[in-house]
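S.K.: Submitted below is the structure of interest, expressed as structure tokens.
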Amino acid sequence: MSETVPTAPSETGFDVHAIQAKWQQRWAAEDPFRAGGDDDTRPRKYVLAMFPYPSGDLHMGHAENYLYSDIVARFWRHRGYNVLHPIGWDSFGLPAENAAIKRGANPVTWTYDNIAQQKESLRAYGVSFDWNRVLHTSDPEYYRWNQWLFQQLFERGLAYRKESPVNWCPHDQTVLANEQVVDGHCERCGTLVVKKKLTQWYFRITDYADRLLDDLNQLEGRWPQKVIQMQRNWIGRSIGADIDFEIEGRAEKITVFSTRPDTLHGATFMVVAPDSDLAAELAAGAGDEARERFEAYLAQVRQATDIERQATDRPKTGVFLNRYAINPVNGERLPIWAADYVLADYGHGAVMAVPAHDQRDLDFARAFDLPIRVVVDTTAPMTGAIPVIELDDEGNPIDPFEGQPELDELHPARTGVALTGEGRMVNSGSLDGLSKRNAIARVIAELTEAGTGRAAKTYRLRDWLISRQRFWGTPIPMVHTQDGRIVPVPDEELPVRLPDPSGLDLTPKGTSPLGGATEWVTTTDPETGEPALRDPDTMDTFVDSSWYFLRFLSPGDTTEPFSAREAQKWAPVDFYIGGVEHAILHLLYARFITKALYDMGHVDFTEPFSSLINQGMVILDGAKMSKSKGNLVLFQEELDAHGADALRVALAFAGPVEDDKDWKDVSTTGATKFLARALRVAHDVSSPTDVIWAEGDAALRRVTHRLWADAPTLIEQTKFNVVVARLMELVNAIRKTIDTGAGAADPAVREATEAVAMVLDLFAPHTAEEMWSLLGYDTSAGIAVWRQPDATLLVEETITAIVQIDGKVRATLEVPARIDGEELERLARADSRVQRALGERPIVRAVVRPPKVVSFSTK
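Its first residue numbered 0, the sequence shown is counted upward by one per residue in numbering that gives the first Met the number 0.
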């Protein structure tokens, strides 16, 4: 951890906490960071940091996140933009409810007390939020519009209820969306997740799967590539065919999805997910012995998570169901097995197994001694003429591996390695000789003509499970009638408010605590007036955060969720800042809701966040900070010890935005000393505000204007640590000019110090304001428009480079000090003196050390 330093640096006499209090008081009075209204003609930028959950006070991850959003917001204000930079709290959710249960507290009181504490900390940190646009998702004024959104989706068939196996957290006693299960465990509490069959509410996000995937192309170059790829992988579109298989003794066919329908002739068995309804049905008709084997196996499977079941290095297990499917292309009987490597929610819960060309199928076939048939000859050339397919005496294609000793060793049955490469079809009837692509097209056409299959797509993405069996969330605005209908609460009765939790048993028990609130849950059928019951579940808190960026546009509106007019002016968000841990969960849901709102005509854009900035974590001694590990660095303690500006500068200087920062390497001591030097130079400036800068020291002016030229690009590239380094360089140059040059009265000293104050405002706003005041200005440094560089001062200094040939100096060149090696070598080769010295000798080696030396060697 960084060492504690005096709060009043002795070399300056400035009290950092006094400066901090002074300027925060002035900001509160003048409100300089409020977004301008309709009369503000400046261009607009919307900067947003992912809002915090009020679980205690802020931590160092928050300190980093809100520092970065503040740097971006302040930068665009300095560039002459009208900036919207709001803050709110994601205040529903399990932590508040669990804390209330543990402490016997009211979750409402616990939540809003923590919000008040975090607000105070953020103000002390000097973040330039527009405090007129604060929202809390647990306010009825907010969650009323969650309920409106639910009903909008319900009306369009995008919200529905069904029974299905769900992820169940035994500790929190609630269901979890797939995205909330990390390595088989509850994201919140770490408990091993199990499967449980429940009737739940879903949002039909899969209807948007193609758009969610294809629209990622719009974000290329503006979102981190890692996040784009994570979203693509999670959506997981696969293109292939649905193939219908008859089942002996069953009237209905089974549909199987395959990305490789070309290998259908190589199917030698079928596998169904053991926890699927299909497996239970097939086992029930397979005889007592087979059914008992299946039930014992199913109990074993339920102990494993989906992650464990899909692990490639896990031994394959399964049971034969004594049932057979019929291959639609050749009539072969395929034994049906239940095996845990197939999941109930992939495709249709069943797969055709082609062990020669799929590694998991091959591992299973080898474990249970099942047939392995090669139907793709991966040894065949993929260029030139189609190879001749040899036939046996009965006219059947010969397996290319049989009878060829040099190829026999490549057979998957012997090697244990599936043949997944490109090749030509063999042992496949009308497909023989075709390439993979042509064979897929041919077999889909044949299946379609025969009525036994069709082209299809499937996705890894599943519909968004949004109902939760907990109290502290948005009540689902639906009514269950006596005759079994489920109808929406009338719009004029929204919001459906949460009841007072006093007297309610909030302890997790598998059903929602709201079901025990008798007076609250009892209502009337809005259509008939008969007694009815409210839905007792609450919504996933990711619903709250899926559209909150729009509510910031008109947070006090009581007539609509957000102003469409304001959305046209401000949205989508220009810069969204937050951790990469939300790359799938939150961002995917926000993208879905935005597209749904677009289709409803409420917004005119389809992506919520134009640019995404992901920061790394703040860790300690190489490990993630946590209370259980006892390695927390407390934000408030660091703030009290060093002041906001030193903390901000130290974090900004610690490394690239996307990298993790180890707190033991973060130097608040160095940051404090730098800020003291910056304050000192502002204190020393003795020239008036109207001094003519052009009369100042030319060397210092070049450093100043190089900063003006480079800083905008560096900020837009999020190279914040480099900008801090350049500020340090300029402060040192100012001090050198004061001490050894023309002194504090030099106009260049004032110009440079003013530049430091304006750029430093991004990182250390209290210090910057104090410098600006010391320099004689009454306005805020935070809204001062940055100056443009003087192009004449950006002309680089030249330096003399020598050119050697075989160790002898043959020429000197006057070149720019910042010249790169390629350009320096080109100039050296083109010089007439070098060409005369070379004559006809060829250059065999060139050593270039820009900007000073070029050394050629000849034969």
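All C-beta atoms in this analysis are idealised placements derived from N, C-alpha and C, irrespective of residue type, glycine included.
Going by CA-CA distance only, name the one from R292, D274, D368 that's closest to A349.
M.R.: Along the sequence shown, read from residue 1 onward, the residue named residue 349 stands at position 350. Nearest option by C-alpha distance: D274.
S.K.: Among E119, E29, P31, A27, which one has its Cα closest to the Cα of T57?
M.R.: The residue labelled residue 57 in the question sits at position 58 within the sequence shown. The sequence given here has Leu at residue 57, not Thr. Checked all of E119, E29, P31, A27; the closest Cα to L57 is E119.
S.K.: Counting contacts by CB-CB distance shorter than 7 Å, is L505 in contact with chain B?
M.R.: Here chain B cannot be found, since the structure has a single protein chain.
S.K.: Mark A366 as exposed unless 16 or more other C-beta atoms lie within 10 angstroms of its C-beta, in which case mark it buried.
M.R.: Counting from one through the sequence shown, the residue named residue 366 turns up at place 367. So A366 ends up on the exposed side.
S.K.: E280 to P164, Cα distance in whole Å?
M.R.: Working through the sequence shown from its first residue, we reach residue 280 at position 281. Working through the sequence shown from its first residue, we reach residue 164 at position 165. So the alpha carbons of these two residues sit roughly 16 Å apart.
S.K.: In chain order, what are the residue ranges of uninterrupted alpha helix (DSSP H) at least 4 long that sit wholly in the segment 509 to 588?
M.R.: 517 to 520, 540 to 544, 547 to 550, 563 to 569, all fully within the segment 509 to 588.
S.K.: Can you tell me which of I842, R835, S779, R828 puts its alpha carbon nearest to the alpha carbon of A27?
M.R.: What you label residue 27 is simply residue 28 of the sequence shown in a count that begins at 1. Looking at the Cα atoms, S779 is the closest of the given residues.
S.K.: Among all the DSSP beta bridges, which residues are the ones paired with C168?
M.R.: Numbered from 1 along the sequence shown, position 169 holds the residue referred to as residue 168. In the DSSP output, where bridge partners are listed per residue, C168 has T173.
S.K.: Under 8 Å by Cβ, that's how I've got P530 and T521 pegged, so tell me the actual separation to the nearest angstrom.
M.R.: For this step, residue 530 is matched to residue 531 along the sequence shown. For this step, residue 521 is matched to residue 522 along the sequence shown. Contact flag correct, Cβ pair sits at about 7 Å.
S.K.: Using 8 Å for Cβ pairs, my map puts P554 next to P607. What's the rounded Cβ distance?
M.R.: Counted from its first residue, the sequence shown places residue 554 at position 555. Counted from its first residue, the sequence shown places residue 607 at position 608. Their Cβ separation, rounded to whole angstroms, is 17 Å, which puts P554 and P607 out of contact at 8 Å.
S.K.: Taking DSSP's pairing of strands, which residues face R160 in a bridge?
M.R.: Within the sequence shown, residue 160 is the residue found at index 161, counting from 1. DSSP, once it has assigned bridges, lists W200 as partnering R160.
S.K.: According to DSSP, simplified to helix, strand and coil, what is F367?
M.R.: To locate residue 367, count along the sequence shown from 1; it is residue 368. Reduced to three states, the DSSP call for F367 is helix.
S.K.: What three-state label does DSSP hand M727 in the structure shown?
M.R.: Within the sequence shown, numbered from 1, the residue matching residue 727 stands at position 728. The answer is helix: DSSP assigns M727 an H, G or I state.
S.K.: Quick one: is E63 buried, meaning 16 or more other Cβ sit within 10 Å of its Cβ, or exposed?
M.R.: Locating residue 63 in the sequence shown gives position 64, counting from the first residue. E63 is buried by the Cβ-count criterion.
S.K.: Classify F470 as helix, strand or coil using the three-state DSSP reduction.
M.R.: The sequence position of residue 470 within the sequence shown is 471, counting from 1. Three-state result, F470: coil.
S.K.: Could you say which of A278, P507, L812 lies nearest to V341 if we only look at CA atoms?
M.R.: Within the sequence shown, residue 341 is the residue found at index 342, counting from 1. Residue A278 is the option with its Cα nearest to V341.
S.K.: Is it buried or exposed, L793, if we count other Cβ atoms within 10 angstroms and call 16 or more buried?
M.R.: One-based indexing of the sequence shown puts residue 793 at position 794. So L793 ends up on the exposed side.
S.K.: Using DSSP's beta-bridge definition, name the partner residues of L83.
M.R.: Within the sequence shown, numbered from 1, the residue matching residue 83 stands at position 84. For L83, which the question treats as bridged, DSSP gives the partners Y45.
S.K.: Is the segment 129 to 136 in contact with the segment 648 to 655, if contact means three or more CB pairs nearer than 8 Å?
M.R.: Counting Cβ pairs under 8 Å, fewer than three are found: no touch.
S.K.: Quick one: Cα of I18 to Cα of E769, how far?
M.R.: As a working note, residue 18 is residue 19 in the sequence shown. As a working note, residue 769 is residue 770 in the sequence shown. Approximately 7 Å between the Cα atoms of the pair.
S.K.: Decide if D30 is buried, meaning its Cβ has at least 16 other Cβ atoms within 10 Å, or exposed.
M.R.: For the purposes of this step, residue 30 is taken as the residue at position 31 of the sequence shown. Exposed, since its Cβ has fewer than 16 Cβ neighbours within 10 Å.
S.K.: Which whole-angstrom value is the C-beta distance of V46 and S68, which I expect to be below 8 Å?
M.R.: What you label residue 46 is simply residue 47 of the sequence shown in a count that begins at 1. What you label residue 68 is simply residue 69 of the sequence shown in a count that begins at 1. About 6 Å separates the two Cβ atoms, so the contact holds.
S.K.: Identify every run of the alpha helix (DSSP H) within the segment 753 to 785, keeping only runs that are complete inside it and at least 4 residues long; order them along the chain.
M.R.: Counting whole runs of 4 or more residues, the segment 753 to 785 contains the alpha helix (DSSP H) stretches 764 to 773.
S.K.: With distances taken Cα to Cα, identify the nearest neighbour of N426 among K21, T262, Q230.
M.R.: One-based indexing of the sequence shown puts residue 426 at position 427. Here the closest residue by C-alpha is T262.
S.K.: Considering only C-alpha positions, which residue in the set L812, P494, A783 is nearest to Q150?
M.R.: Translated into positions along the sequence shown, residue 150 becomes position 151. Per the Cα distances, P494.
S.K.: Where does the unbroken alpha helix (DSSP H) through N113 begin, and where does it stop?
M.R.: Residue mapping note: residue 113 aligns to position 114 of the sequence shown, counting from 1. Where N113 is concerned, the enclosing alpha helix (DSSP H) stretches over 106 to 123.
S.K.: So what does DSSP say about Y142, is it helix, strand or coil?
M.R.: For the purposes of this step, residue 142 is taken as residue 143 along the sequence shown, with counting starting at 1. Note: Y142 maps to helix in three-state DSSP.
S.K.: Under three-state DSSP, which class holds E795?
M.R.: Against the sequence shown, residue 795 aligns to sequence position 796. Residue state, collapsed to three classes: coil.
S.K.: Given this structure, state the Cα-to-Cα distance separating L446 from P327, to the nearest angstrom.
M.R.: As a working mapping, residue 446 is identified with position 447 in the sequence shown. As a working mapping, residue 327 is identified with position 328 in the sequence shown. If I take the Cα positions, the gap works out to 8 Å.
S.K.: With A337 as the anchor, note down where its beta strand (DSSP E) starts and where it stops.
M.R.: To locate residue 337, count along the sequence shown from 1; it is residue 338. From DSSP, the beta strand (DSSP E) with A337 extends over 332 to 338.
S.K.: What three-state label does DSSP hand V486 in the structure shown?
M.R.: Numbered from 1 along the sequence shown, position 487 holds the residue referred to as residue 486. In the structure shown, V486 sits in a strand (DSSP, three-state: E or B).
S.K.: Could you check the C-alpha separation between A282 and L320 for me, to the nearest Å?
M.R.: Residue numbering aside, residue 282 sits at position 283 when the sequence shown is read from its first letter. Residue numbering aside, residue 320 sits at position 321 when the sequence shown is read from its first letter. Roughly 6 Å between the two C-alpha positions.
S.K.: Of all the options C168, S257, I253, which has the alpha carbon lying nearest to the alpha carbon of D276?
M.R.: On the sequence shown, position 277 is the one that residue 276 refers to. Closest by alpha carbon: I253.
S.K.: Quick one: measure Cβ to Cβ for L837 and T857, integer angstroms, because I've assumed they're closer than 8 Å.
M.R.: In the sequence shown, the residue the question calls residue 837 occupies position 838. In the sequence shown, the residue the question calls residue 857 occupies position 858. With a Cβ gap of about 7 Å, L837 and T857 count as contacting.
S.K.: Could you check where the alpha helix (DSSP H) with I100 kicks off and where it finishes?
M.R.: Within the sequence shown, residue 100 is the residue found at index 101, counting from 1. It spans 93 to 102 - the alpha helix (DSSP H) in which I100 sits, taken as one unbroken run.
S.K.: With three or more C-beta pairs closer than 8 Å as the rule, is the segment 551 to 565 touching the segment 574 to 591?
M.R.: No, because fewer than three Cβ pairs between the segment 574 to 591 and the segment 551 to 565 fall closer than 8 Å, the two stretches do not touch.
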